[in-house]
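Residue numbers (our numbering): 480 to 980. Glycine is no exception: its CB is placed at the ideal position from the N, C-alpha and C atoms.
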Ligand code: BG6
C-alpha cells in the first residue's frame, strides 16, 4: 500500500543505470487501455506521480501508426478521464511508440529493441490470452532483470476454474518469478478496503471484539443495481460467482478474517490472507442446497425503470442458466472464527447499490433495556444490538451501530450510529486504479493477489461451480434482493441485511 503523500521525485523509476521507466501495454488498441489504464497513467503523469519522461509502448494487432494510438489514448482521457492536460501532452506524445504485432515470440521480440531499463508489461488483453502473452514476453528475454526490474500486470479473472487457473499459473511461472507478477483485483485499491486494514490493525479495541466470543455472524454483500452493461460476451460465461465472489468478495473476507500480521510487509500480509483462506471449511455436496443460493434476474424494476429479464437481454440466449446472483455461506475452522457463519452474496439488478462487510456483535448477556434487539431499520431487518459495518458503497465509511439512551425521561433506548463518513468524505485523491498503478511502479505487492490466494479461492469455489454447472438458477424480479436463502441458512430471527434504502 503506497504512502500517497510521497512526492513524485521519490518514485523509483530508473534501474539505477539511468534508463527511464517503460510501460508496455500489450493490447493497447482495446477498451481497457482507453477507459482505465491510459487515463490513470495520464493523470499520474499530470499530477507528477509518474515522470513526464515515461516511455509508453503500445503493442497490438491493429495496423496502426503511433499517431493512431495517440488518438485512441487521447479519446480515452477525454471520455473517461479529466481531459488532456496540455502541459504534459506534448511530452507524452514524444515518448509514446506503437508497435504492431501478434502474441507470437517472433513478433513480440520487436519490443526488445525498445525496452532497455525497468519496465512494466501490462497485459490489457482478454484473460484467455494472458498465458500466451506472458510466455512470448518471457521467451524473448523481456522478463530478464539484468538491465532493470521487469513486472507483469494482469487483471482478474485469473482463470475460469481451478484447472484453468493452474494452467495460467504454469504459463506465467515458466518465465516470470512470483514477485514479478502483479495480479490486480481493483477492490484492493479501494480506499475503504485499505481502511479496513488500518481500522482492524491500528485500534486495539477492535481486535478485542474481532472473534467468535463477540461476533455472532459476518455478512459480506456486493449488491448492484446495474445489469449486463453490454458485457454479455464475458458475463454469460462467467456468472456472479466467478465475476464477484471468487475474487473480490473472497479478498474482502480474507482481509476481514485474517490474523493480524506483526509486521507491515507484502509477503507477510498475503501469507496471513492465504492462511485464513486455507481454514475455510470446504463445501460438501450437501452444502450446495443448504449453504448456497443462485439466482437470475427476471423482468422488473431495475434502476427504478422497467427492466428486462436477463434472458431477454441483447445477445443472451433465452435459455441461459448463468447466475446473476450468488450467495454462499461457510465456516472458518480456526480458533478465532469457529462457529461464526460468513454469508457472502453478490447480485446484479438488485434493489440498491451496496457493498459492505458487516459483523454482528453478540447480544449482551442480560437485557436491561427493552428495545435492545430492535432491527436496525425498525422493520423486518436482522435482529441485532450492534453491527460493525465497513462500507464501500454507496459511501465509504466505517459504522458502529450501537444502542444509546434516548434523551428524555426514563431509560428508553434508541439506535445510534457512530460513523466515519464525515471524516472521510474527501475521499482519496487517487482512484483505486491509480493507486494500484503507483504500487506496481514502486514494487509494492501488498494490494495484489498472490498465486496461492487465487488458488485457495478457486479450490473453495470449484465444488459450487461444479454443482451449478447443471440445473437452473431461481428467478428474482429485477429491483429485488435475490432469491430467499434456504431454511436454516440464518439462525432464528436473522436474515440478510437490507440492501435498498
Ligand atoms: C468487476 C465485475 O470486477 O467489478 C463487474 O466484473 C462489477 O461485474 C464490478 O460490476 C464492481 O466493481 P465496483 O468497483 O463498481 O464495485
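Where residue i sits in the DSSP three-state scheme
i, result
"residue 660", "strand"
"residue 876", "strand"
"residue 634", "strand"
"residue 579", "strand"
"residue 595", "coil"
"residue 840", "strand"
"residue 456", "Past the edges of the chain, shown from 480 to 980, lies residue 456, and the structure says nothing about it."
"residue 968", "coil"
"residue 945", "helix"
"residue 500", "coil"
"residue 865", "strand"
"residue 914", "helix"
"residue 956", "strand"
"residue 676", "helix"
Residues near residue i in its chain [Cβ-Cβ closer than 8 Å; skip 5 each side]
i, result
"residue 769", "965, 967 and 968"
"residue 950", "800"
Backbone CA spacing between residue i and residue j [nearest angstrom]
i, j, result
"residue 693", "residue 755", "19 Å"
"residue 613", "residue 588", "12 Å"
"residue 681", "residue 539", "45 Å"
"residue 577", "residue 728", "37 Å"
"residue 785", "residue 706", "12 Å"
"residue 554", "residue 547", "11 Å"
"residue 732", "residue 701", "12 Å"
"residue 934", "residue 606", "16 Å"
"residue 904", "residue 809", "Because the pLDDT of residue 904 is 49, which lies under 50, any placement of that residue in the model is unreliable, and the question is left without a value."
"residue 710", "residue 937", "23 Å"
"residue 830", "residue 978", "6 Å"
"residue 757", "residue 811", "9 Å"
"residue 685", "residue 920", "33 Å"
"residue 738", "residue 749", "11 Å"
"residue 562", "residue 945", "46 Å"
"residue 1006", "residue 730", "Absent from the structure is residue 1006, since the part of the chain shown begins at 480 and ends at 980."
"residue 823", "residue 741", "28 Å"
"residue 670", "residue 640", "29 Å"
"residue 879", "residue 663", "30 Å"
"residue 643", "residue 932", "15 Å"
"residue 954", "residue 716", "18 Å"
"residue 751", "residue 941", "22 Å"
"residue 499", "residue 571", "13 Å"
"residue 672", "residue 845", "34 Å"
"residue 525", "residue 515", "15 Å"
Spatial neighbours of residue i in its chain, beta-carbon cut-off 6 Å, leaving aside the 5 residues before and after
i, result
"residue 735", "836"
"residue 697", "821 and 838"
"residue 914", "668"
"residue 771", "807 and 943"
"residue 815", "690"
8 Å Cβ cutoff met for residue i and residue j
i, j, result
"residue 535", "residue 523", "no"
"residue 621", "residue 630", "no"
"residue 883", "residue 893", "yes"
"residue 603", "residue 512", "yes"
"residue 956", "residue 668", "no"
"residue 594", "residue 503", "yes"
"residue 598", "residue 720", "no"
"residue 583", "residue 724", "no"
"residue 899", "residue 877", "yes"
"residue 718", "residue 798", "no"
"residue 912", "residue 665", "yes"
"residue 567", "residue 601", "no"
"residue 841", "residue 695", "yes"
"residue 833", "residue 872", "yes"
"residue 574", "residue 533", "yes"
"residue 726", "residue 635", "yes"
"residue 650", "residue 610", "yes"
Residues sharing a beta bridge with residue i, DSSP
i, result
"residue 687", "In DSSP, residue 687 forms no bridge with anything."
"residue 883", "893"
"residue 847", "In the DSSP output, where bridge partners are listed per residue, residue 847 has none listed."
7 Å CB neighbourhood of residue i in its chain, flanking five on each side removed
i, result
"residue 653", "614 and 617"
"residue 551", "508 and 513"
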